[in-house]
Each structure stands twice: as C-alpha cells, then as structure tokens.
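First the structure, in the form of structure tokens, and then the observations on it.
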Amino acid sequence: MSSADAQHQLLDEPFVEAAHKVYNKKVDGQFRRIKWGIQFATLAIYYFLPFVRWHRGPDAPSQAVLVDFPHRRFYFFFIEIWPQEVYYVTGLLILAALILFLMNAVAGRIWCGYMCPQTVWTDFYMTAERWIEGDARDRMKLDEGPWTAGKIRKKLAKHFVWILIAWWTGGAWVLYFGDAPTLVYDLATFQPGVGQAYLWIGILTFTTYVFAGVMREKLCLHACPWPRIQAALTDEYALNVTYRRDRGEPRMSLKQATAARAANLPSGDCVDCGQCVAVCPTGVDIRKGAQLGCIQCGLCIDACDGVMEKIHRPTRLIAYDTEMNLKRRACGEEPIYKTFRVRTVFYAALILAIGGFMSITLATRGDMYMNVLHDRNPLTVRLKDGGARNGYTIRFANKKPETRRFVIDASGLAGAQTEVVGVAPDSKGKVVIEVGPDQTREARVLLSTRGAASSKGQAPVLFTATDAETGASVVVKDVFIWP
Amino acid sequence: MTTMSDDTFDKGKARIDPVSGVPTTGHEWDGIEELNTPLPRWWVWTFWLTVIWGVGYTIAYPAWPTAGGGTQGLFAWNSRTQVASEVADLQTTRGPVLDKIKAAPLDMIESDPQLLAAARMVGKVAFATNCASCHGAGGQGARGYANLNDDDWIWGGKLADIRQTIEHGVRWDADKATHASAMPAFGRDGVLTPEQISIVADHVRTYAETPDSDAPTPEGEKLYAENCAACHGVEGKGNPEMGAPALYDQVWLYGSDKPSVVARIVNGGGAVMPAWKDRLDDTTIKALAVYVHSLGGGQ
Numbered sequence: 194m195s196s197a198d199a200q201h202q203l204l205d206e207p208f209v210e211a212a213h214k215v216y217n218k219k220v221d222g223q224f225r226r227i228k229w230g231i232q233f234a235t236l237a238i239y240y241f242l243p244f245v246r247w248h249r250g251p252d253a254p255s256q257a258v259l260v261d262f263p264h265r266r267f268y269f270f271f272i273e274i275w276p277q278e279v280y281y282v283t284g285l286l287i288l289a290a291l292i293l294f295l296m297n298a299v300a301g302r303i304w305c306g307y308m309c310p311q312t313v314w315t316d317f318y319m320t321a322e323r324w325i326e327g328d329a330r331d332r333m334k335l336d337e338g339p340w341t342a343g344k345i346r347k348k349l350a351k352h353f354v355w356i357l358i359a360w361w362t363g364g365a366w367v368l369y370f371g372d373a374p375t376l377v378y379d380l381a382t383f384q385p386g387v388g389q390a391y392l393w394i395g396i397l398t399f400t401t402y403v404f405a406g407v408m409r410e411k412l413c414l415h416a417c418p419w420p421r422i423q424a425a426l427t428d429e430y431a432l433n434v435t436y437r438r439d440r441g442e443p444r445m446s447l448k449q450a451t452a453a454r455a456a457n458l459p460s461g462d463c464v465d466c467g468q469c470v471a472v473c474p475t476g477v478d479i480r481k482g483a484q485l486g487c488i489q490c491g492l493c494i495d496a497c498d499g500v501m502e503k504i505h506r507p508t509r510l511i512a513y514d515t516e517m518n519l520k521r522r523a524c525g526e527e528p529i530y531k532t533f534r535v536r537t538v539f540y541a542a543l544i545l546a547i548g549g550f551m552s553i554t555l556a557t558r559g560d561m562y563m564n565v566l567h568d569r570n571p572l573t574v575r576l577k578d579g580g581a582r583n584g585y586t587i588r589f590a591n592k593k594p595e596t597r598r599f600v601i602d603a604s605g606l607a608g609a610q611t612e613v614v615g616v617a618p619d620s621k622g623k624v625v626i627e628v629g630p631d632q633t634r635e636a637r638v639l640l641s642t643r644g645a646a647s648s649k650g651q652a653p654v655l656f657t658a659t660d661a662e663t664g665a666s667v668v669v670k671d672v673f674i675w676p
Numbered sequence: 060m061t062t063m064s065d066d067t068f069d070k071g072k073a074r075i076d077p078v079s080g081v082p083t084t085g086h087e088w089d090g091i092e093e094l095n096t097p098l099p100r101w102w103v104w105t106f107w108l109t110v111i112w113g114v115g116y117t118i119a120y121p122a123w124p125t126a127g128g129g130t131q132g133l134f135a136w137n138s139r140t141q142v143a144s145e146v147a148d149l150q151t152t153r154g155p156v157l158d159k160i161k162a163a164p165l166d167m168i169e170s171d172p173q174l175l176a177a178a179r180m181v182g183k184v185a186f187a188t189n190c191a192s193c194h195g196a197g198g199q200g201a202r203g204y205a206n207l208n209d210d211d212w213i214w215g216g217k218l219a220d221i222r223q224t225i226e227h228g229v230r231w232d233a234d235k236a237t238h239a240s241a242m243p244a245f246g247r248d249g250v251l252t253p254e255q256i257s258i259v260a261d262h263v264r265t266y267a268e269t270p271d272s273d274a275p276t277p278e279g280e281k282l283y284a285e286n287c288a289a290c291h292g293v294e295g296k297g298n299p300e301m302g303a304p305a306l307y308d309q310v311w312l313y314g315s316d317k318p319s320v321v322a323r324i325v326n327g328g329g330a331v332m333p334a335w336k337d338r339l340d341d342t343t344i345k346a347l348a349v350y351v352h353s354l355g356g357g358q
C-alpha cells in the first residue's frame, strides 16, 4: 500500500466509529483460566467479605471490614481508623495509583483486562448471557430473528438473571456499612430505619445493570479516563498484547501459505481466521497494533494459540510482548525484556517508601490522642493583677475499649496556673480527666500567669496527657501569648 | 426520531452523500449540501423524559401562579413546611439534652462533661446571635463593653451572678430586678471642681500602678475617701453589689489613661445591657451563663 493510499484510507475512516454490538465468542486457554481465577476470587471477596467476623470486644462491632459512619470509625480486621486518621485512606489512594502506574509500566493495561470491576462484572454478565442465549453465533441469530416465544423467554430470563446479579451486587455493597447479618435480616423483614440501604441497593442495582449489561465496552471506550492517561504513561518496554507482525505477515489462507512455503516464497503464520477479533470483549482487531480499545485481557492470545496448534504452527503469534521487541525482530535482533527500568524502579521505590511509612505509622500509632486549639478570639486576656490568661480547647481521644484517666499538665511556663473548666483538681492538685472507652472528650483549659513581671510576648508551652494507670503519655506543643 | 419533521426536507433532492455515506437533507447552498445527521436517539429520549419529568414536577410541587396565590402541589410541600419540619427534627434530637440542662442546677451542668459540652454548644450559638454584637465574637469585649474572658467581674462572676445579669440586664429600666446603681456625674453635676477631679483621677490611677502614675497624695486620698470609697471601697477593691468596678486592678473598662479616667468621673453613669429573660428561654439563658462562665473560668 502506498503512503498516499494509506493517507486516503485514514481520511476516509470516521473519527468516531459507529456503534455496533460486540458478540464475543467463548474461548479457552491459559489467560482465560487466569481470568476465571481472578474473577472468582474478586467476586467472592466482594460478595462474602462483609460476613467475615472479627472479635473486638463487647462494645465494638465484630465485623472484619466495616465502614461505621454513625460512629465515625473504619474497621479493617485488626486496624481501626478514626476520622483524624483519614490520611491513611489518602495514602491508600496514592498507593493504588502508584501500583496502577507500576502495573502499566510492566504490562500495560492488565488492570483493565483482569481486575477492573467493569471487566469483572461484564465478564460475569457475559457468562450468564452465554449460559442462557448460547455463544456468539446463536446470540447473533437470536437478535436478528423474529420475536418468537422462545426469544422472549430467553431475553426475559437473561435480564432477570442480570438484575438478580445487579441486585446482589448492590446488596453486598450496603453490607459494608452495617452489621451484615443484622442488616440482611432487617432488609428482608422490612424493618424501619433501613430506607437508605434500600435506596443505595436500588442505585447500585441500576448502575451495575446499565454498566455491565448495557454499556460494557462502551464504558471503557468512551467514559473511562484510564486509557487516555495510560497512553501517556506507557513506553516501548511495556508488555502489551501484541500481534507479531514479523511472523504473521503477509497473511494468507492456510492453503496459500502451504503453497507459498513449498515454493519458498514469503508467507506469514496469520491465516486471517478472525478468531482474535471474534473473542475480543471490546471488539478490536489487535493486528492493527496497540489501540485504545485493547484492555490487555489476552483472550485473543488464547484464541490464536488454539488456531496455531490446529495448523501445527508455533503458538504465541499474538503474545504479551513489547513494542521494542517488535522493532528488534524486524531488524533480526534478539528480543530483550527490561523489567528494571528507571520508571519501574522509581514506581516500585515510591510504593515501598509510602507503603513502608504507612505501615510504620500504623504500627506505632498511640492509643491516646490529644489535639490542642488555642483560642483565636481573644488570643490573650489581661488579668486584674497584670498577669495573662490564654484559653485552649483540648480534645482527648481514648482509643482503648476501656475508660481511662488522663492527668493533664502544662509545662514550660514558670508559675503558670492550669485550670480545666468543670474539673476540680484532685487531692494532690492534679487535674484528671476521665475519657470513656473508644471515645473523645473535649475540655476547656485555661492557663494563667500571675503579675505583670512575667510578661514577655510569647512563650512555648507543652501540654502533657498521661495515662494515670499505664503512664503512657502524649505531648503537644502550643504557645502562650501575653497581651 | 428526528428533530425536524420529514416534510421540511426537499424529498426530491434528498440523496445519499457519496463521501460520508450519510443521507442529505436535500438543502443545498452554493454546491454545499447539508448532511442529515439526526441527534442520537438516547439524547432525544432523554430530552423527552426531562420534559415529562418537568411537567410532573410542576404538578407535584407548588409552581403555577394563580389569582389566589398559586398551585399547592400534590404533597402540600413548600419551603416553609420544610423549615418547620427541620426545626421539629432538631428539637427531637436536642430535646433530651436540653431537658437535662433545664432540670439541672447550674453548677451541676458544669461538672458533668456531657452537659457542659452541650451547654457550651448551645451557649456558643446563643452568644453569637445575641451577645457578640457588643461583647465580641469571643467575648473579648471592647471599650465600654466588658471582656468576659478575664477575671474581673463588675457584677459578680459566679454562675448565679452571670445568670442574674443576663436575665435582668444592667441599668435596664424596663426590668425592675435589673442592676440599677449608677455612678454620679461628679463633674457635670458640679460635685467636684475640675482641679479636684484631676487630683482624684491621679490618685485612682496609682491603685492600678498604671505606667505613668505618680505616688498617692494625701489630698487625693481625702477626696477619694469622701467621694468614691462608699462604692468603690476604701482600697478601691470595688463592690459587685453596686456594680462598682475594682480600681486597684489592671483591667479598665473605659481605659486607664488620665483623660479616660477624668471623663468617667466627670460624666458618671455606666454601661447598659438589656434584660434577656423575656427574649430567651430559661434553658438558653442557663446555657449562656455556663458558656460565659467557662470562657474565663468565672469565679
């Protein structure tokens, strides 16, 4: 094809391909089996995780994974996150992004092909569809055919099963936000107070049905931002589902290829059977090269391998390979695989650093917490004898499941007097605050100096809360200001 | 479904465009033909759905103006009933703790962490609404308006005193139980001569050891004993019964410089605060008293 022809063809191709329905064929092979495994595992985790129990003591919920909005707690097995520790969630999001980047640097959009919820649920839906309506050819025939009783029955059955899956999906979602067995009972027996749960189940049933049943690959092609971002992050060393042009071209029928080989003429292994296109969940032709629609699921590899085995040619005409290796093979060089590259090492190091930092802070964080807020208005007050008083709002948190007593002390300010509003000092002159199990308590603390002589602008002051029993303590630095 | 009805096309001229394969509308200007590219079906459906939704909405909710005021909608909903129900909801959630505040004695509210937190919350809002315009957002006061964070209380800083002051106000004639006494206008009424006022002002300023004050004088002491000590006390310690501020301390409501002190002696009088008992309910006043008391610890 001359370059002018190629350009002409490019100009003739529409910018946006007309929508068409993808009837993808069933396939079996190595990658399909990996996909089954991941699909089974991810769906099982999603649907059954809320039912896993984790005993935390009498007053705490015993659900392993729970987002407890009313009490503002997040539980994940042995980890309990308080609202002020929500940066762990931020850290997780950053980690997730970096892991996605690393996956992309190593093997392209495999997230899309194997683990993306859109893929997992679409695959689940396709399985149900295939079970009811048959494989690609049967489905196509059914859709083209007239509306017979059988067709109506099949269509109804399919949509019923789809909605059932969608409903179960939405139902499992709400179980993460309440005690699962209780919530299931309440939902099933129409107890009052679970109206919001019904609403969310409804919303998620609808979105699951629309996304996995109706939109499918359209979501990947038109709605998802990742293919666009991914295209900017990938490079020639990333493993991508690749058609090995050097081996496949020129493509011709098996008969022609056999003849050509006998005559010692150039012939490719691709017999143009179209199986790679037939099995593709997004309906792309991988032989056109890397493209937006390809989610790197590898089903075309399985399909092509099946054909190659049948015609006794080496498998992996389509394989996870790199752009660089395509070029090298074209030049007759050996393929190379560079796993350790600046970007993969950089991403891995960042992941290790952030993950390590988060683990360390998580492991070493205290079970008590103090937050000091200096009065803004007024910053300071002149007292009768010329001294000064500063007000602080201090919040104490007790993360243990039992009531604890904190001794409150302010140091660093000679001769200053500490008062806590509503709390009288004990017989030894100590101010002790009792904080309930798994609770916070706010106290207003007043710090006063005596006499004008002490005045000096401002000075640092240290607030210490000490557990009266264990002696564990937290120190927070703040400032004392004179008028 | 198309956006234009078919008969707007010049049917005779409509044909398939050979380049794009799309039908034309049959319109042609200077050899340029208009392609017939209808809006996507999903878009049109969505449009009609919003239209249907819109019609339903105006029936369900108050919308159409009529001579008598307007349609009421199917659910008798309007923003006023909404506010009323939200206020009622607030009452049901806050009710129990407000009842406790109402029933508890003032000092018990402060020693119960839960009640203290609730009273401070309610008090803070009431303070911002009713008190902050004079006493400042943080109760820091201003010249002539008492600072509520310090330890100087003209009318007493105990919880009961603060409550009394809030309920009945200061020099608020409409309330019989108000704090009524006021300082005589020594200058305006000619009780003291300007020279005497100057001397007594100097003398008073020595109590608080203001930076530029001189030593007490026998004449000043005599004038003070004759004119001021009855209310402000022999040593200038003040008297909360009469609302006479202490003069020996460093907190000056109207300033400690000499012209300010002279002005007070010349004009007398005193600050006025409204009585709140008819404007605020008992629970709110109690919460306010606790809040103000907690600002500076009270007495």
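Protein sequences, first through last, are from chains S and L. Each residue of the first sequence is one higher than the one before, starting from 194 at the first, in this note's numbering. Each residue of the second sequence is one higher than the one before, starting from 60 at the first, in this note's numbering. Virtual Cβ for every residue (Gly too), placed ideally from N, Cα, C.
Give the secondary structure of L/N189 by DSSP, where H, G and I count as helix, E and B as strand, and everything else as coil.
helix
Quick check on L/Q309 - is its C-beta less than 7 Å from some C-beta in chain S?
yes
For L/M60, count neighbouring Cβ atoms within 10 angstroms of its own Cβ and tell me buried if that reaches 16, exposed if not.
Because L/M60 carries a pLDDT of 41, less than 50, the predicted location of this residue cannot be relied on, and the following value inherits that uncertainty. Exposed, since its Cβ has fewer than 16 Cβ neighbours within 10 Å.
With a threshold of 7 Å between beta-carbons, can L/D65 be considered close to chain S, or not?
Summary for L/D65: the model assigns pLDDT 48, below 50, so the residue's position carries little reliability; its value from the coordinates is reported in the next sentence. It does not; no Cβ of chain S falls within 7 Å.
Under DSSP, the beta strand (DSSP E) around S/Q610 begins and ends at which residues?
610–613
Output, in chain order, the set of chain S residues within a Cβ distance shorter than 8 Å of L/N189.
Correct list: empty, because the minimum Cβ distance to chain S is about 17 Å.
Name the two residues that bound the continuous alpha helix (DSSP H) containing L/G113.
100–119
Enclosing beta strand (DSSP E) for S/S641 [first to last residue]
632–641
Is S/K577 close to chain L? Criterion is C-beta to C-beta, closer than 7 Å.
yes
Using the C-alpha atoms, what's the distance from S/T596 back to S/F404?
49 Å
Interface residues of chain L around S/V672 at Cβ under 9 Å?
Residues of chain L passing the Cβ test: none, with the nearest at roughly 17 Å.
Within 8 Å, do at least three Cβ pairs link the region 522–539 of chain S to the region 279–286 of chain S?
no
Would you check if the distance between the CB atom of L/G182 and the CB atom of L/L354 is smaller than 7 Å?
no
Between which two residues does the beta strand (DSSP E) carrying S/R588 extend?
581–591
Inter-residue Cα distance where the pair is S/A342 and S/Q311:
32 Å
Beta-carbon proximity of L/S170 to S/G615, cut-off 7 Å
yes
Taking the beta strand (DSSP E) that S/F269 belongs to, which residues open and close that run?
DSSP places S/F269 in the uninterrupted beta strand (DSSP E) bounded by 266–269.
Taking only runs of the alpha helix (DSSP H) that begin and end inside the region 463–500 of chain S, which ones reach a length of at least 4 residues, in chain order?
Segments of the alpha helix (DSSP H) lying fully in the region 463–500 of chain S: 468–471.
Using DSSP's beta-bridge definition, name the partner residues of S/H567.
S/Y585
Using DSSP's beta-bridge definition, name the partner residues of S/N433.
S/D514
Among L/G197, L/W335, L/D166, nearest to L/D232 - alpha-carbon criterion
If you compare the alpha carbons of L/G197, L/W335, L/D166 with that of L/D232, the shortest gap goes to L/W335.
Between S/A617 and S/I601, what straight-line distance do the alpha-carbon atoms span, to the nearest angstrom?
12 Å
Listed by chain order, chain L residues near S/P584 by CB distance under 8 Å:
Looking at the sequence itself, residue 584 of chain S is Gly, so the reference to Pro does not match. Within chain L, the residues near S/G584 are N208, L354, G355.
Can you name, in chain order, every residue of its own chain whose Cβ lies under 7 Å from the Cβ of L/L207, other than the five neighbours on each side?
H194, G198, G200, V351, L354, G355
Going along chain L in order, which residues have a C-beta closer than 8 Å to the C-beta of S/P385?
Contact note: S/P385 does not reach chain L at a C-beta cutoff of 8 Å; the least C-beta distance is about 15 Å.
Quick one: measure Cβ to Cβ for S/R437 and S/L519, integer angstroms, because I've assumed they're closer than 8 Å.
7 Å
Closest to S/Q492 by C-alpha separation, out of S/R534, S/R634, S/N433, would be which residue?
A quick correction: the sequence has Leu, not Gln, at residue 492 of chain S. Per the Cα distances, S/N433.
On the criterion of 16 or more Cβ atoms from any shown chain inside 10 Å, does S/N457 qualify as buried, or is it exposed?
exposed
Taking contact to mean 3 or more Cβ pairs, one atom from each stretch, closer than 8 Å, check whether the region 304–322 of chain L and the region 219–235 of chain L are in contact.
By the C-beta criterion, the region 304–322 of chain L is judged not to be in contact with the region 219–235 of chain L, since fewer than 3 inter-stretch pairs fall below 8 Å.
With the cut-off set at 7 Å, would you say S/T642 and S/A590 are in Cβ contact?
no
Going along chain S in order, which residues have a C-beta closer than 8 Å to the C-beta of L/E169?
Within chain S, the residues whose beta carbon sits less than 8 Å from that of L/E169 are V614, G615, listed in sequence order.
Assuming contact is defined by CB atoms lying nearer than 7 Å, are S/I325 and S/K351 in contact in what I supplied?
yes
One question on the structure: do S/G579 and S/G644 come within less than 7 Å of each other, judged by their Cβ atoms?
It is a contact, given that the beta carbons lie within the stated cut-off.
CB L/G292 to CB L/N298, shorter than 7 Å?
yes
Among the candidates L/W107, L/E280, L/P243, whose CA atom is the shortest distance from the CA of L/L98?
L/W107
Just checking: is the beta-carbon of S/R438 within a distance shorter than 7 Å of some beta-carbon in chain L?
no
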